[in-house]
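Asks: Residue numbers (my numbering), protein chains in the order written: chain A, 1 to 324; chain B, 1001 to 1277; chain C, 2001 to 2326. Just so you know, even glycine gets a beta-carbon here, dropped at the ideal spot from N, CA and C. This structure is a prediction, so every number in the text was calculated from the model and none was measured.
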Amino acid sequence: MENLLEVKNLSVTFRTLQGEIQAVRDVSFDIKKGSVTAIVGESGCGKSVTSKSIMGLVKTPGFLSEESKILFQGENIQEYTQAQWEDYRGQKCSICFQDALTALNPTMTIGKQIMEKILVHKKVSKKQAWDEAVEVLARVGIPNPELRMKQYPHEFSGGMRQRVMIGIAVTLNPALLIADEPTTALDVTVQADILDMMKEIQKEHHMSIILITHDLGIVANFATDIIVMYAGKIVERGSAYDIFYRPAHPYTKALLRAVPRLDMEDEELETIEGAPPNMANPPKGCPFAARCKMRCDICETAFPEEICVGEGHEVCCWIREEEQ
Amino acid sequence: MDKKAMKKVFLSNKMAVVCTILVLLIVLAAILAPLSPYDPDASNVAEKMQGISSKHLLGTDDIGRDTLTRTIYGGRVSLIVGFASMCVAVIVGTFIGTISGYMGGMVDVILMRIVDIFMSVPSLLFIIAIYAFLPRNMFSLVGMLAFFSWTKVARVVRAQTLTLKERDFIIAAKSLGVSRGTIIRTHIIPNLMPQIIVSASLSIANAILDESALSFLGYGVQLPMASWGSMLQTAQKFILHNPIMAVAPGVMILATVLCFNVLGDILQQILDPKLIK
Amino acid sequence: MKKFIVNRLAQMLIVFITVSIFSFSIIYFSPGDPLYLYTSPAKSSYKMTDEQMDAMREELGLNGNVIERYLNWAGNMLKGDWGMSVSNHQPVKDQIMDKLPNTIGLMGAALVLSVLAAIPLGLLAGYYKNRWIDNIISGISYLGISLPAFWFGIMMIIVFSLHLGLFPSAGMRTVGVTSAADVIRHAILPVIVLSVNNTAVFVRYIRSNTIEQMEEEYVTTAVSKGVPRVQVMKNHVLKNCLLPIITMVGMNFGTLITGSFIVESVFGWPGLGTLCMSAVNSRDYTMIMGITMLACTVLLIGNFLADVLYGFADPRIKQGKEKSNG
Chain A
1 MENLLEVKNL SVTFRTLQGE IQAVRDVSFD IKKGSVTAIV GESGCGKSVT SKSIMGLVKT
61 PGFLSEESKI LFQGENIQEY TQAQWEDYRG QKCSICFQDA LTALNPTMTI GKQIMEKILV
121 HKKVSKKQAW DEAVEVLARV GIPNPELRMK QYPHEFSGGM RQRVMIGIAV TLNPALLIAD
181 EPTTALDVTV QADILDMMKE IQKEHHMSII LITHDLGIVA NFATDIIVMY AGKIVERGSA
241 YDIFYRPAHP YTKALLRAVP RLDMEDEELE TIEGAPPNMA NPPKGCPFAA RCKMRCDICE
301 TAFPEEICVG EGHEVCCWIR EEEQ
Chain B
1001 MDKKAMKKVF LSNKMAVVCT ILVLLIVLAA ILAPLSPYDP DASNVAEKMQ GISSKHLLGT
1061 DDIGRDTLTR TIYGGRVSLI VGFASMCVAV IVGTFIGTIS GYMGGMVDVI LMRIVDIFMS
1121 VPSLLFIIAI YAFLPRNMFS LVGMLAFFSW TKVARVVRAQ TLTLKERDFI IAAKSLGVSR
1181 GTIIRTHIIP NLMPQIIVSA SLSIANAILD ESALSFLGYG VQLPMASWGS MLQTAQKFIL
1241 HNPIMAVAPG VMILATVLCF NVLGDILQQI LDPKLIK
Chain C
2001 MKKFIVNRLA QMLIVFITVS IFSFSIIYFS PGDPLYLYTS PAKSSYKMTD EQMDAMREEL
2061 GLNGNVIERY LNWAGNMLKG DWGMSVSNHQ PVKDQIMDKL PNTIGLMGAA LVLSVLAAIP
2121 LGLLAGYYKN RWIDNIISGI SYLGISLPAF WFGIMMIIVF SLHLGLFPSA GMRTVGVTSA
2181 ADVIRHAILP VIVLSVNNTA VFVRYIRSNT IEQMEEEYVT TAVSKGVPRV QVMKNHVLKN
2241 CLLPIITMVG MNFGTLITGS FIVESVFGWP GLGTLCMSAV NSRDYTMIMG ITMLACTVLL
2301 IGNFLADVLY GFADPRIKQG KEKSNG
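1. What first and last residue would you give for the beta strand (DSSP E) that runs through Lys2079 (chain C)?
2. Assign Leu2164 (chain C) to buried or exposed, taking buried as 16 or more other Cβ atoms, counted over all protein chains shown, within 10 Å of its Cβ.
3. Got a sec? Which residues, its chain only, sit under 6 angstroms from Arg2207 (chain C) by beta carbon, not counting five neighbours each side?
4. By the DSSP assignment, the alpha helix (DSSP H) with Gly1220 (chain B) in it spans what residues?
5. Step through the CB atoms of chain C and report whether any lies within less than 7 angstroms of the CB of Val1023 (chain B).
6. Would you check if the distance between the CB atom of Gly2144 (chain C) and the CB atom of Val2196 (chain C) is smaller than 7 angstroms?
7. Run through DSSP, which three-state label would Lys1174 (chain B) get?
8. Quick check on His2186 (chain C): buried or exposed, where buried means 16 or more other Cβ atoms within 10 Å of its Cβ?
9. Give me the subset of the stretch 1213-1233 of chain B whose CB atoms are less than 7 angstroms from a CB atom of chain C, sorted by chain position.
10. Quick check: what's the CA-CA separation for Ile1276 (chain B) versus Met1138 (chain B)?
11. Cβ of Gly2314 (chain C) within 7 angstroms of Cβ of Leu2242 (chain C)?
12. Nearest to Ile218 (chain A) by alpha carbon, out of A:Gly141, A:Thr184 and A:Val7?
13. In this structure, does DSSP put Met2233 (chain C) in helix, strand or coil?
14. State the CB to CB distance for the pair Ser2179 (chain C) and Ser2169 (chain C), rounded to an integer number of angstroms; the pair is presumed to be in contact (CB under 8 angstroms).
15. Using 8 angstroms for Cβ pairs, my map puts Val1157 (chain B) next to Gly1082 (chain B). What's the rounded Cβ distance?
16. What does DSSP give as the partner residue(s) for Lys233 (chain A) in the beta ladder?
17. Is there a C-beta anywhere in chain C that falls below 7 angstroms from the one on Glu95 (chain A)?
18. Report yes if the C-beta distance between Met1231 (chain B) and Pro1249 (chain B) is below 7 angstroms; otherwise report no.
19. Near Cys316 (chain A), what residues of its chain come up, given a Cβ to Cβ distance below 6 angstroms and the 5 sequence neighbours on each side ignored?
20. Compare the C-beta of Asn1261 (chain B) against all C-beta atoms of chain C and say whether one is closer than 7 angstroms.
21. Go ahead and pull the three-state DSSP assignment for Ile2157 (chain C).
22. Run through the stretch 42-74 of chain A for me and flag every whole alpha helix (DSSP H) of 4 or more residues, listed as ranges in chain order.
23. Return the CA-CA distance between Asn9 (chain A) and Phe63 (chain A), expressed in angstroms with no decimal places.
24. Using 7 angstroms as the limit for Cβ to Cβ distance, is Ile1128 (chain B) near chain C?
25. May I have the straight-line CA-CA distance separating Leu2078 (chain C) from Leu147 (chain A), to the nearest angstrom?
26. When the distance is taken between beta carbons, is Ser1201 (chain B) closer than 7 angstroms to Phe1147 (chain B)?
27. Under a three-way DSSP split, which group does Met294 (chain A) fall into?
28. May I have the straight-line CA-CA distance separating Pro61 (chain A) from Ser51 (chain A), to the nearest angstrom?
29. Starting from Gly1101 (chain B), follow the alpha helix (DSSP H) in both directions and report where the run begins and ends.
30. Along the stretch 2230-2242 of chain C, where does the CB come closer than 8 angstroms to a CB of chain A? Name the residues.
31. Quick one: which residues of the stretch 7-39 of chain A get their C-beta closer than 9 angstroms to a C-beta of chain D? List them in chain order.
32. To which residues of the same chain is Met1119 (chain B) closer than 6 angstroms at the C-beta, ignoring the five residues directly before and after it?
33. Report the three-state DSSP secondary structure of Gln151 (chain A) (helix, strand or coil).
34. Along the stretch 204-236 of chain A, where does the CB come closer than 9 angstroms to a CB of chain C? Name the residues.
35. Using a Cβ distance threshold of 8 angstroms, determine whether the stretch 1157-1166 of chain B contacts the stretch 1185-1193 of chain B, with at least three qualifying pairs required.
36. Counting only runs of 4+ residues fully inside the stretch 2232-2296 of chain C, write out the alpha helix (DSSP H) ranges in chain order.
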C-alpha cells in the first residue's frame, strides 16, 4: 500500500519560562492509504502535539525543529504557503477534537459552522451548502437534521455534539482524518456507537484515520496499526495484532494490563507506578526506565535503538524477548 | 512556580525593573525632601510666579513658593495617603474575602451582595458627598478612599480562596481538626500573598489617582499642606501666566500611578499559570 | 429571559434602596447642622430667631426621627418632590433637570468615542500580541489608565486653547451665540478628556479578550477547517470578543459619571458636576442627595440595560442557560 503521510524526524519544542519542553523527540512514522493508525500513550506523551504538527496548528511558543519533515502525498507541508495551508486543512486533512463543547463556537449555529467549511472550499451557493450540511448531519446519525441546523452547540447532548464534530471533520471527505481522543469525554455506550459510525464512514470513503487515544481498549476493534508513544518518543509500533498479542515493550505490556477485560474474574487491574519524566529535562537513557520493572544499568545511560521483532513490528528496548 | 523562579522572571523583565527603580526614586525623594533649601509652605512674594531658572528649577507659584520643593513635599502626602489607604483596603479586603470564600453559604452570599453594592456606586461622588460632613483631615481621607476600595481586593481574595479551599493540604488540615481561624491564618493567607501583592499595587495606583482628583476638587488635604492634586488646583488658576506650575505635579502623578499599574500587571502576568504552560 | 430580567430588576431595587438608606444615614448622622449656612456668622450676615429656624426645619423636613425622615424623604422622592435646595430655596429637581442634559450629552459623546476608538485598537493589539503595534497600543493604554483626567484637561487647555487658540477653554456656549456648532466646539476638549480613561480601559479589555478568544479551541477548529485568517477573525473572534464590551460599558458607567464631574469642573461645563460641587461647598444636603440618587439611578439603569442587551446577544443566556463564566 502507498503511503499517504510520512512523518520524518519530527521534533517539537515549547520554549517556556521553565525552559525548553521537548514535547516530541525525533518521531518518524508513515500512514498508509486506507489504514487506521492509533497513536497510544498517556497524557503529555506528545501524541496531541504530533497530530497538531500534521495540521500545522502548533502555535508559539512551540516550534518544529529544522530536521522535521512532514510529507503529505509526497509534498512537504512545511513549505506550504498560507493559501496552500488553507486548501490543505479541512479538505485534504481534517481533525476533530476531544471536547466538542469548547471546540465548537458557542455563539454560532451548528449549521453555520458546517456550512462555513463547505463555503470556504467549494464554489457553491448558500442553498447548496445548506443542503450539503444537512446531509452531513444525517450521515453522522443526527435525527431531525433540518431542525438541528438552526441550534447552538449547548442545545446538543455530549454524544450528539461529538457526532457534529466528527461530521464537520469528515465533510468534503478528506483523505486523512485525525481524531484526537474523539470519545474520551463520553459514556461507554455512546463511545461504541460513535466508533462504529466512524468505522462505517472510514470504509465508505477509504479514508485514512489517525486515532489519538490513551485508551487501548477502544482501538482494539478499530485500528489496523498501533504506535505507542512515551515521553515524546515512539517506543513500539506494529499491527494491532502484534501489539495486542505480542507486545514487546514493557510499557506496552503495562498499558495492556491496565485495560479491563471481560474475562477478568478476580484479578485486579494493574496500574503503572510513578509518573512520566519532566520533559524540560528528559532523561538521557530510556525515559521509561524509572518506572520499568525490568530495567538494567544500560537503560539509564543510553536510549535503545529501534529493533525489528517481527514484520512491521518494531520496539525500542534493551531487553530482548528471550530474556523477558 | 516557586519564589526564586518568580524573582528571576521579574528581574528579567526590563519594564518591571525600570518601574521599581522609578518608584524607589520617588519614595527616596519624598523621604529626603527636607534637604531642599526652600520651605515648602513659606511665601516669598518677592519671587512669585517665576519661570524656570537656576535658582528655582521649576519656577515658583503665586506666593513665591518653590514648585520643585512643593512637588517633592506633595509626593509625601500623596504617597502616604495612597499607601495608608492601600493598607487599610488590603487588610479589610483580605479579611472579608477569605471569610466569604472560606465560609461559603449565606455568609458568602451576603458579603458578596454588599461588595456588589459598593461596586455599583460612583465612589468618588459618594466620597465628595460624604466629605461635606466629615472633618477634613488625612484620617478621614484615607478612611474614605479605603472604604470604597476594599471591595476589589475582597473579590480577588475570595476567588482565590475558593480554589485554595479545595486543595489537598487544606482538606488535610481540616480533617486534622485545625480550627477555621488557624487554617485561614496559617494556610490560606500565606498562599494568597502573590494575589494580595498584585491587588496592593493596583490599589495604591487607584488611591493616588483618587486622592489627587479629590484634592484637585478641593476635598483632599487642606492648605497650606500640598499634595500633587491640590497643587494642580492652584496651578489651574494661573495657567495663563505660569503654565509650568501645572506640569510637574501632574507628571509626578502620572509617573507614580503608571509605575504601580505596570508593576501590578507584570506581577499578575508572572502569576498567571497560563503563561507557564 | 423573562426570569433573568425579573431577577436583575429585583437585584437593582435592593441595591437602590440600600444606596438610598446608606447615603441618607451618612448625611443624617454626620456632624454639622444643615442650617449652618444661616447660623454661621462667616457665611451669613443676618441672624435668624429660634422660631424662624424651627419653621425652616419644618419646611425642609428636618424634624422627626431617622426612620420618619427617611420614609418621608423617600416617599417624596418617588412622588417627584425632591425637596427644596437648602441654599437657594429653589426646587432641587428643577435645578437638576436643568443641568442633566448637559452632563448626559457629555457622557454619551465620550462613551461613543471611547467604544469607537477602543474596538479597532483593542483588536489590533490583541491580534498582534507582543508585536510592535501591540506594544505601542498597550503602552498608550497604560498611560491612559494612569492619567489623571483633570491634569490632562489642564494640559489640553494650555496647548489647544491658550497656545493654539483652537478651542475655547471653558463653558458650553459663547455668550450670545446659540448655534449647535458653538456647543460642539466647546464640547470637543471635554469629551476627549473624559473619554481617554474609558478608552484605555476598553482597549485593554478588548485586547485581553481577543487574546483569550484566539486561544479558544473553536478558533483552532475554524483554522483546521481551512477557513482563511481574516474570516476566522471576522466570523469567530470578533463577535465573541465584542459581546462582553456591552457588559464592560455597563460596568464603567460609575467611572464615567465621576469622570464627567471632574471634567466639568476643569472646563467649567454647566452640568451636574458643577452643581454638585457647589452643593457640597454649601452643604446643601437636599441637593447632594438628589444628585447622588440620580447618579446611582443612571448607573443602575446603565448596568441593567447592559445586562439585558448582553442577554439578548448571547444565545446561551437568551435561552435561559447560565453564562458559563459566571
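Replies: By the coordinates alone:
1. No beta strand (DSSP E) holds Lys2079 (chain C); the alpha helix (DSSP H) holding it covers Val2066 to Lys2079.
2. Classification of Leu2164 (chain C): exposed, given that the 10 Å Cβ count is below 16.
3. Closer than 6 angstroms at the Cβ level, and outside the excluded window around Arg2207 (chain C), lie Gly2122, Ala2125 and Gly2126.
4. Going by DSSP, Gly1220 (chain B) is part of no alpha helix (DSSP H) at all; its letter is neither H nor E.
5. Taking Cβ atoms only, chain C never reaches closer than 7 angstroms to Val1023 (chain B), which makes this a no.
6. Yes; because the gap between Cβ atoms is below 7 angstroms, this pair is in contact.
7. Three-state DSSP puts Lys1174 (chain B) in a helix.
8. Only buried fits His2186 (chain C), as 16 or more other CB atoms lie within 10 angstroms of its CB.
9. If the cut-off is 7 angstroms between Cβ atoms, the stretch 1213-1233 of chain B has Ala1213, Phe1216, Leu1217 and Leu1232 near chain C.
10. Residue placement at Ile1276 (chain B) is flagged as unreliable, the pLDDT there being 39, under the threshold of 50; the coordinate-derived value follows with that caveat. So the alpha carbons of these two residues sit roughly 43 angstroms apart.
11. According to the sequence shown, residue 2314 (chain C) is Asp rather than Gly. Not in contact: Asp2314 (chain C) and Leu2242 (chain C) (Cβ atoms no closer than 7 angstroms).
12. Minimum Cα distance to Ile218 (chain A) is reached at A:Thr184.
13. In the structure shown, Met2233 (chain C) sits in a helix (DSSP, three-state: H, G or I).
14. Contact flag wrong, Cβ pair sits at about 19 angstroms.
15. Going by Cβ atoms, the distance from Val1157 (chain B) to Gly1082 (chain B) rounds to 20 angstroms, so no, they are not a contact pair.
16. According to DSSP, which records beta bridges pairwise, Lys233 (chain A) is partnered with A:Tyr230.
17. According to the sequence as given, residue 95 (chain A) is Ile; it is not Glu. Yes, its Cβ sits closer than 7 angstroms to a Cβ of chain C.
18. Going by C-beta atoms, Met1231 (chain B) is nearer than 7 angstroms to Pro1249 (chain B).
19. Around Cys316 (chain A), the same chain offers Val235, Pro304 and Glu306 as residues with beta carbons nearer than 6 angstroms, after the five sequence neighbours per side are excluded.
20. For Asn1261 (chain B), the answer is yes, since a Cβ of chain C falls inside 7 angstroms of its Cβ.
21. For Ile2157 (chain C), the three-state secondary structure derived from DSSP is helix.
22. Taking only runs of at least 4 residues, the alpha helix (DSSP H) segments lying wholly in the stretch 42-74 of chain A are 47-55.
23. Linking Asn9 (chain A) to Phe63 (chain A) through their CA atoms gives a straight-line distance of about 14 angstroms.
24. Using a Cβ-Cβ cut-off of 7 angstroms, Ile1128 (chain B) counts as an interface residue toward chain C, since at least one Cβ of chain C sits closer than that to its own.
25. Taking the straight line joining both Cα atoms gives about 49 angstroms.
26. No, Cβ-Cβ distance for Phe1147 (chain B) and Ser1201 (chain B) is not below 7 angstroms.
27. DSSP places Met294 (chain A) in coil when its eight states are reduced to three.
28. Separation of Pro61 (chain A) and Ser51 (chain A) (C-alpha to C-alpha, rounded to the nearest whole angstrom) is 17 angstroms.
29. Residues Thr1067 to Met1103.
30. If the cut-off is 8 angstroms between Cβ atoms, the stretch 2230-2242 of chain C has Gln2231, Asn2235, His2236, Lys2239 and Asn2240 near chain A.
31. The question asks about chain D, but that chain is absent: this structure's protein chains are A, B and C.
32. Hits under 6 angstroms: Thr1151.
33. Correct three-state label for Gln151 (chain A): coil.
34. So nothing in the stretch comes that close.
35. Yes, since at least three Cβ pairs between the stretch 1157-1166 of chain B and the stretch 1185-1193 of chain B fall closer than 8 angstroms, the two stretches touch.
36. The DSSP assignment places 2238-2251, 2253-2267 and 2272-2281 as complete runs of the alpha helix (DSSP H) inside the stretch 2232-2296 of chain C, in order along the chain (cut-off: 4 residues).
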